[in-house]
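These notes concern the structure reproduced below.
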Amino acid sequence: MTDSESMPAKTANPAPLGLLGFGMTTILLSLHNAGITELDDVTLAMGVFCGGLAQLLAGIMEYRNGNTFGTVAFTMYGMFWLAFVAIKLDVFGMGHNLTNMGSFCLIWGLMTLVLFIGTLKGRVALRIVFATLTITFLLLSIADFMGNGTITNIAGFVGILCGAAAFYTASAEILLEQHGREILPF
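Numbering (our numbering), first residue to last: 151 to 336.
Listed below in structure tokens is the structure:
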């Protein structure tokens, strides 16, 4: 038996990939929600490729690693981004209204709340990601139900914080693995 046959292959940690895909895309969309930028093809392309596909891949890799939380979180948020872009591009030709978007954000907020509860035993940085994402979805839901642009702007600023927290968490995990010690506390 050779050394390579006796030792299991090391698998990479897919969480930084998923967190970066999520964080970077969330920052771009949240800049729009905060009223700082327009929603354009840059954000929608990020939504498909980084928010959608990168997170979907991370979720599949988390499945292979036996991580149920990572599988559910990354796969579902990857699908969120693909659905969001499909809605914004009206790929089904049916349009959408604010009440339906309010319901869309509400159900995502409830799922995110469940995942937030799952982070309570983990790192603080991940709790911040899921807490701020829960708040963002609930604020967007309220804004859509009420047709209130000010609440959308507030949700945008909370979303920027959420995306930045995801970016930070991914960076901390990458640097921890590369240096073999915690460089950024998380």
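For every residue, glycine included, the Cβ atom is placed at its ideal position computed from N, Cα and C. A quick note: this is a predicted structure, and the numbers were derived from the prediction, not measured.
Where Ala159 falls, given that 16 or more other Cβ within 10 Å makes a residue buried: Position 9 of the sequence shown holds residue 159. It is exposed - the Cβ of Ala159 has fewer than 16 other Cβ atoms within 10 Å.
Per DSSP, what kind of secondary structure is Gly216 in: helix, strand or coil? Stepping through the sequence shown from its first residue, residue 216 is reached at position 66. DSSP, reduced to helix, strand and coil, places Gly216 outside both helices and strands of the structure shown, so it counts as coil.
Thinking C-alpha only, which one of Gly272, Leu239, Phe219 and His246 is nearest Met261? Locating residue 261 in the sequence shown gives position 111, where the first residue counts as 1. Out of Gly272, Leu239, Phe219 and His246, Phe219 has the C-alpha closest to the C-alpha of Met261.
Cutting at 7 Å between CB atoms, please list the residues of its own chain near Ile278, excluding the five before and the five after it. For the purposes of this step, residue 278 is identified with residue 128 of the sequence shown, where counting begins at 1. Closer than 7 Å at the Cβ level, and outside the excluded window around Ile278, lie Ala315.
Looking at C-alpha atoms only, which residue of Met296, Gly313 and Phe287 is the closest neighbour of Ala305? By one-based count along the sequence shown, residue 305 stands at place 155. Residue Phe287 is the option with its Cα nearest to Ala305.
On a CA-only basis, which of Gln328, Thr319 and Phe295 is nearest Phe172? Give me that one, please. Locating residue 172 in the sequence shown gives position 22, counting from the first residue. Measuring from the Cα of Phe172, the nearest candidate turns out to be Thr319.
Is the CB-CB distance between Asn215 and Thr161 below 8 Å? Sequence index remark: in the sequence shown, residue 215 carries index 65 (1-based). Sequence index remark: in the sequence shown, residue 161 carries index 11 (1-based). Yes. Within cutoff.
Using CA coordinates, which residue listed in Leu270, Met211, Pro164 and Thr176 is at the minimum distance from Leu283? As a working mapping, residue 283 is identified with position 133 in the sequence shown. Closest option to Leu283, Cα to Cα, is Thr176.
Does the CB of Phe234 have a neighbour CB from chain B at under 8 Å? Included in the structure is just one protein chain, with no chain B present.
How should Pro335 be labelled, buried or exposed, when 16 other C-beta atoms within 10 angstroms of its C-beta is the threshold for buried? Position 185 of the sequence shown holds residue 335. Pro335 should be labelled exposed.
Inspect the beta-carbon positions of Gly345 and Ser180 and report whether they are closer than 8 Å. Residue numbering for the chain in the displayed model covers 151 to 336; residue 345 lies beyond these limits and cannot be assessed.
Spatial distance of Leu194 from Val235 (CA atoms): Here residue 194 refers to the residue found at position 44 of the sequence shown. Here residue 235 refers to the residue found at position 85 of the sequence shown. If I take the Cα positions, the gap works out to 6 Å.
Taking Cβ to Cβ, would you say Gly259 is nearer than 8 Å to Gly228? Sequence index remark: in the sequence shown, residue 259 carries index 109 (1-based). Sequence index remark: in the sequence shown, residue 228 carries index 78 (1-based). For Gly259 and Gly228, no; Cβs fall outside 8 Å.
Simplified DSSP state of Ala184, which is helix, strand or coil: Locating residue 184 in the sequence shown gives position 34, counting from the first residue. Of the three classes helix, strand and coil, the one that applies to Ala184 here is coil, per DSSP.
Using three-state DSSP, classify Thr269 as helix, strand or coil. Residue mapping note: residue 269 aligns to position 119 of the sequence shown, counting from 1. Coil.
Can you tell me where the alpha helix (DSSP H) holding Ile278 begins and where it ends? Looking up residue 278 in the sequence shown gives position 128. Per DSSP, Ile278 belongs to the alpha helix (DSSP H) from Val274 to Met296.
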